[in-house]
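Structure first, then comments.
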Ligand code: AMP
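In my numbering, the protein residues as written are 8 to 129.
Below is the structure:
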């Protein structure tokens, strides 16, 4: 499968669709999920065109990989949910069909601000 340039997160990255931005640097963009599942529900996406975590790890440079994963912790800290200054949070990344991925641009969900509950309910 090739990267779909018209997915909604690609449009957000190109500035064609607005987002409620939390954090941005050379490697990542973070914004609030439009359909929050917990008190705090943020998304963190890499700036490069990667479909999912497997695609990212196969094609991204080491710098991009480090920049992305460090970016996730920077966002958590900015939101006050990181383990050092807050009470923790959950990250989820869905991959493809069985993973239930809806938007084909790599993203991690950050869920927190309250106890997020059991990992899977069904
Ligand atoms: P996933 O099922 O892991 O692909 O999750 C995609 C997420 O993107 C869902 O939680 C949606 O609510 C969220 N989403 C879709 N469109 C937007 C948007 N324009 N801005 C922010 N979040 C969005």
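Heads up, the beta-carbon is just placed ideally off N, CA and C, and yes, glycines get one too. Predicted model, so just to flag it, every value in this text is computed and none were measured.
For residue 99, I'd like the list of residues in its chain whose CB is within less than 6 Å of its CB, leaving aside the five on either flank, ordered along the chain. 116
Going by alpha carbons, who is nearest to residue 8 out of 41, 28, 56, 47? It is 56 whose Cα lies nearest to the Cα of residue 8.
Quick check on DSSP: helix, strand or coil for residue 58? coil
Can you check whether the CB of residue 86 is closer than 8 Å to the CB of residue 29? yes
Taking Cβ to Cβ, would you say residue 102 is nearer than 8 Å to residue 61? yes
Got a sec? Which residues, its chain only, sit under 6 Å from residue 79 by beta carbon, not counting five neighbours each side? 51, 115
Residue 5 by DSSP, collapsed to three states: which one? In this structure the chain extends from 8 to 129, so residue 5 is not present and cannot be described.
Kindly examine ligand 1 and report whether one of its heavy atoms sits closer than 7 Å to the Cβ of residue 41. yes
For residue 28, which of helix, strand or coil comes out of DSSP? Annotated three-state conformation of residue 28 is strand, per DSSP.
With a threshold of 7 Å on Cβ separation, who are the neighbours of residue 83 within its own chain once the five nearest residues in sequence on each side are excluded? 89, 96, 117
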